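Peer 1: As numbered in full-length UniProt numbering, residues 1 to 105 make up the sequence shown, in order.
Attaching a single structure in structure tokens format; questions to follow.
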Amino acid sequence: MLAHVADKNTMAASTPIPNNPSTGKAWTRNELLTELEVERKRNSERTSGIVSWSEQVSNVQARWRIHLKEWTILTHQVYELGRECRVFTETRLLANTSTSLRRSN
């Protein structure tokens, strides 16, 4: 469950926090603590301290999905920042150019 929450989190401030998949509503503090205890218990019940290859592969895949989501958000934000800078520069340049043209006339 917590992996699902972590997988849904992104860097975007406008992205809402994901809902609890079992209730469809926002997570409560008690639900998060319960899920944390479930994860702790699952980890403590592992018979050996060695993580299996399949667990390692699934962990890498989950982390890669998170990385790709964050990278997509980052590239989109950089693109938007560039667009906003271009618009700002063009409007400033046009305003300054028109002001200097008025002065020269």
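Glycine residues also receive a C-beta, built at the ideal position from the N, C-alpha and C atoms.
Quick caveat, the model's predicted, so the values are computed rather than measured.
Which of the three DSSP states is assigned to residue 20 in this structure?
Peer 2: Against the sequence shown, residue 20 aligns to sequence position 20. Residue 20 falls in the coil class under three-state DSSP.
Peer 1: Could you tell me the alpha carbon to alpha carbon distance between residue 18 and residue 35, rounded to whole angstroms?
Peer 2: Residue mapping note: residue 18 aligns to position 18 of the sequence shown, counting from 1. Residue mapping note: residue 35 aligns to position 35 of the sequence shown, counting from 1. One C-alpha to the other measures close to 15 Å.
Peer 1: Helix, strand or coil: how does DSSP classify residue 62 here?
Peer 2: Taking the sequence shown and counting its residues from 1, one reaches residue 62 at position 62. DSSP places residue 62 in helix when its eight states are reduced to three.
Peer 1: Specify the secondary structure class of residue 51 as computed by DSSP and reduced to three states.
Peer 2: Here residue 51 is taken as the residue at index 51 of the sequence shown, counted from 1. Of the three classes helix, strand and coil, the one that applies to residue 51 here is coil, per DSSP.
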